[in-house]
Amino acid sequence: MDYVGSRFPDFGPPGPPGRELTSAKVVVAGGFGVGKSTFIRSIVENDLLTMTALPPERAGLVTELVRIQFGRVWLDPGLALHLFVAPQWQDPRAGWNDVVRGAVGAVVLFDVMRPADSVDAMRYFEDHKIPYVLALNNVHASVRSDVKAIIRGMGIAPEVPVVNCDPRVRLSVRETLISLAEHAKLDRWRRRPGPDETTPLAPVC
Amino acid sequence: MSSAADAHRRRRRAETPAEQTFADLMNGFSLDSGRKRTRSASSVPAREATPVAEPQETPVFETVVPEPPDASIVRAYAWTGGRTRSNINLEIETLVSANDQSRQSAGILQAEHQHVVELCRSPRSVAEVAALMRLPLGVVKVLLGDMAERGLVDVHQTASAGGVTPDLGLMERVLSGLRRL
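Rendered as structure tokens:
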């Protein structure tokens with residue numbers, strides 16, 4: 001797929017030096033091959049980078065590194081949005097807390113042919129009260145409403161948006177992220193007073 | 001490779017399985033990780049036959065790849081002085097940038113600090129520094145924490161610092177930023 005960033009107006013790198021900068025992040029989860037990297041690649045400025053982390057729970061006999069792909073886009077001259085591919089679920093704790101802690105929210109890409117691959121991610125986000133949207137990977141328009149009804153029947157919270165998404169198409173990815181941001185904002189609003197909140201997540205090294 | 005040292009290390013780990021030592025952290029670090037990645041890419045069989053969205057997307061980046069201990073442990077150990085935690089709270093998305101002081105003292109910095117200063121001429125996140133320097137996240141956090149304490153880099157405020165949910169103002173800003181994209 002070609003690089004789409006340059007064809008659209010963008011704020012590019014931040015404004016003049018001394019300007020206040022901040023950053024936020026979104027997590028993209030789902031099963032193998034469902035299009036997580038493609039999703040991120042469609043919206044960020046450069047190609048994806050890969051970071052390594054060592055999961056603390058695995059620091060026993062065999063040392064293993066977890067690789068985490070991510071991309072970044074400047075949303076305005078002072079705000080960088082990072083999009084992280086969630087590490088795979090066979091190793092749910094690996095690097096996971098560092099990626100998820102403090103995220104605006106998550107996109108769970110959902111392959112209708114392999115629904116089980118995304119269920120762990122959904123359960124995790126619900127347990128940790130992290131707002132997420134369920135993005136159906138390219139379901140044909142003719143069956144979309146049926147599929148949504150089936151997924152609703154799986155028992156996910158009624159306020160979780162279920163959207164259709166083509167991870168290869170920038171506009172579709174953008175729409176999905178917008179529905180996530182709207183949902184996250186609403187969710188934040190609902191849970192305004194709560195100081196108890198979620199269990200703190202330990203960082204990895 | 002020194003198998004005796006390896007055996008010793010394993011024995012020590014077996015005694016204290018719960019505690020993560022810095023040596024554990026460093027065992028995962030090697031300078032030629034790029035080469036290893038390509039090798040494992042060819043040896044790891046495709047996990048599935050029908051990737052839907054992107055056939056060229058190989059799952060190898062998301063899998064856990066075992067990496068043997070390496071001589072470069074010693075070097076990275078020296079960089080961080082053996083510490084695995086930084087005093088400064090750095091999230092993976094926290095932005096850092098080089099400041100005037102680091103530019104002025106460019107000639108006298110340690111090589112790895114110099115490298116960070118060059119990378120951070122434009123603001124970079126902790127994750128980006130880790131990826132571009134090909135160092136584990138934990139090492140980079142300590143390195144950047146040190147540099148921040150010495151005033152060599154500016155650490156920008158992160159909306160979610162300390163694991164709190166981003167506030168409504170930031171949510172709104174993300175939303176309007178996405179709409180403008």
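Residue numbers (UniProt numbering), protein chains in the order written: chain C, 1 to 205; chain F, 1 to 181. Where a beta carbon is used, it is the ideal one built from N, C-alpha and C, also for glycine. The model shown is predicted, which means the values in this text are computed figures rather than measured ones.
- The beta carbon of residue 102 of chain F does not come within 8 angstroms of any beta carbon belonging to chain C, so the residue lies off that interface.
- Residue contact check for residue 189 of chain C against chain F: a CB pair falls below 8 angstroms.
- In the structure shown, the three-state DSSP call for residue 192 of chain C is coil.
- Collapsing the DSSP output to three states places residue 128 of chain C in coil.
- Chain order gives no chain C residues near residue 150 of chain F, where near means a beta carbon separation below 8 angstroms; the closest approach is about 20 angstroms.
- Membership of residue 52 of chain C in the beta strand (DSSP E) is indicated by the continuous run 49–53.
- Looking at F:179, F:139, F:181, the one whose alpha-carbon comes closest to that of residue 113 of chain F is F:139.
- Per DSSP, reduced to three states, the secondary structure at residue 138 of chain C is coil, with no helix or strand assignment.
- Around the CB of residue 158 of chain C, fewer than 16 other CB atoms lie within 10 Å, so the residue is classed as exposed.
- Around the beta-carbon of residue 143 of chain C, fewer than 16 other beta-carbon atoms lie within 10 Å, marking it exposed.
- Boundaries of the beta strand (DSSP E) harbouring residue 82 of chain C: 79–85, taken from the DSSP string.
- Here the C-alpha atom of residue 176 of chain F lies approximately 43 angstroms from the C-alpha atom of residue 108 of chain F.
- Only 98, 99, 101, 102, 103, 104 from the stretch 97–108 of chain C bring a Cβ to less than 8 angstroms from some Cβ of chain F.
- Restricting attention to C:104, C:98, C:128, the CA atom closest to the CA of residue 169 of chain F is found in C:104.
- Bounds of any beta strand (DSSP E) do not take in residue 153 of chain C; it lies within the alpha helix (DSSP H) bounded by 144–153.
- When DSSP states are grouped into helix, strand and coil, residue 180 of chain F belongs to the helix group.
- Closest option to residue 102 of chain C, judged by alpha-carbon separation, among F:100, F:94, F:103, F:142: F:94.
- Per DSSP, reduced to three states, the secondary structure at residue 157 of chain F is coil, with no helix or strand assignment.
- For residue 97 of chain C, no beta strand (DSSP E) encloses it; the enclosing alpha helix (DSSP H) starts and ends at 96–100.
- The beta-bridge partner set that DSSP reports for residue 164 of chain C consists of C:136.
- By the neighbour-count criterion, in which a residue is buried when 16 or more other Cβ atoms sit within 10 angstroms of its Cβ, residue 154 of chain C is exposed.
- By the CB criterion at 8 angstroms, residue 68 of chain C and residue 53 of chain C fall inside the cutoff.
- Neighbours of residue 153 of chain F in chain C, taken as residues at a C-beta separation under 8 angstroms, are lacking, since the least C-beta distance is about 12 angstroms.
- Taking residue 156 of chain C as reference, the option from C:40, C:121, C:41, C:31 with the minimal CA-CA separation is C:121.
- Residues of the stretch 120–140 of chain C with a C-beta atom less than 8 angstroms from some C-beta of chain F are 137, 138, listed in chain order.
- Closest by C-alpha distance to residue 39 of chain C, out of C:79, C:190, C:181, C:176, is C:176.
- Distance check between residue 132 of chain C and each of C:107, C:152, C:166 places C:107 closest, using alpha-carbon atoms only.
- Residue 136 of chain C is not a Cβ neighbour of residue 119 of chain C, given a cutoff of 8 angstroms.
- Taking a beta-carbon distance threshold of 8 angstroms, residue 23 of chain C counts as an interface residue toward chain F.
- For residue 174 of chain F, the nearest beta carbon of chain C is closer than 8 angstroms to its own beta carbon.
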